[in-house]
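Written below as structure tokens is the structure these notes are about.
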Amino acid sequence: MLSHSAFLAFVVCAVGASAAFVGCSPAQITALDAAIPVAQTYAAAALDQINADPTGSMPGYAAWFGAPSIARRNLVLQHFALVNGNNFQNYIYDCTGAGARCTPNVAAYVDANTFGTVNLCAPYWTLPPDSRETFQSQASTIVHEATHFAANGETRDYKRTVGDCQILALTRPDQAVMNAASHEYFAVQSALV
């Protein structure tokens, strides 16, 4: 027998919603319905921005990915081209907060080889819906998690905070171009310019 939340998620999907929701309350579904198109906008803006910077020398690139390098810039371009090819409306959003990876400091996580399933943890719901006032939001978290999928470049979590990501760009640009939060913040910054 289906639990109430599983039944609710099934009913929501059955009436025409594109995204699939697992264990999500109506309020959580509403929040995700608002965050998903904003995340898509962030991904598109990042791709546009990196396409406009063929050498990786613009300040926006350098802030998150370090010194100019065509090879590193091309890797970031590849990641955003892949992510931008995703329709976040087709992802599965699991709101159960289950799994050992949901900790007080983790807003969401994915299994790199389970494309399209984003597991949302309790801290996710405390984030603002978009990134107008802060670099981290529900929408930007979707972009962050999308970069973790193997099909999108399989980025890592070397650093998470804005300051730590900026230091990573200065000191270890080869890691910065593989850091999920660096991609997240670049996407947000690209959308806000």
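Residues -19 to -1, 1 to 174 in mature numbering (1 follows the signal peptide of the UniProt record, and there is no 0) are what the sequence shown lists, from first letter to last.
Just so you know, even glycine gets a beta-carbon here, dropped at the ideal spot from N, CA and C.
#### Entry: CB of ASN133 within 8 Å of CB of LEU63, strictly
yes
#### Entry: ALA33 burial status per 10 Å Cβ neighbour count (16 or more: buried)
exposed
### Query
Apart from the five residues just before and just after THR36, which ones in its own chain have a Cβ nearer than 8 Å to its Cβ?
Excluding its 5 nearest sequence neighbours in each direction, THR36 has C-beta neighbours in its own chain below 8 Å: PRO49, ILE51 and ARG54, listed in chain order.
### Message
One question on the structure: do GLY78 and LEU101 come within less than 8 Å of each other, judged by their Cβ atoms?
### Response
yes
### Task
Pick helix, strand or coil for MET159, following the three-state DSSP scheme.
coil
### Task
Would you grab the beta carbon distance between ALA43 and ALA150 for me? Rounded to a whole angstrom, and I think it's under 8 Å.
The C-beta distance from ALA43 to ALA150 rounds to 7 Å, short enough to meet the 8 Å contact threshold.
### Task
Tell me whether the beta-carbon of ILE73 lies closer than 8 Å to the beta-carbon of VAL124.
no
### Message
Please identify the residue among THR122, THR136, PHE69 and SER121 whose C-alpha is closest to the C-alpha of GLY97.
### Response
PHE69
### Message
Can you tell me whether ALA131 is helix, strand or coil according to DSSP?
### Response
helix
### Message
If you measure between the beta carbons of GLN9 and TRP106, is that distance less than 8 Å?
### Response
Yes, the pair counts as a contact, with Cβ atoms nearer than the cut-off.
### Query
Among SER6, ILE17, GLY41 and PRO18, which one has its Cα closest to the Cα of GLN170?
GLY41
### Query
From ALA(-1) to ASN71, what does the alpha carbon distance come to, in whole angstroms?
The alpha-carbon atoms of ALA(-1) and ASN71 are separated by roughly 5 Å.
### Query
From THR11, GLN119 and ASP92, pick the residue whose C-alpha is nearest to that of PRO104; which is it?
For PRO104, the closest C-alpha among the options THR11, GLN119 and ASP92 is that of GLN119.
### Task
Could you round the C-beta distance between ASN130 and VAL158 to whole angstroms and report it? I think they count as a contact, below 8 Å.
According to the sequence as given, residue 130 is Phe; it is not Asn. Contact flag wrong, Cβ pair sits at about 16 Å.
### Query
Looking at C-alpha atoms only, which residue of LYS140, MET39 and ALA16 is the closest neighbour of VAL174?
MET39
### Task
Specify the secondary structure class of ALA88 as computed by DSSP and reduced to three states.
coil
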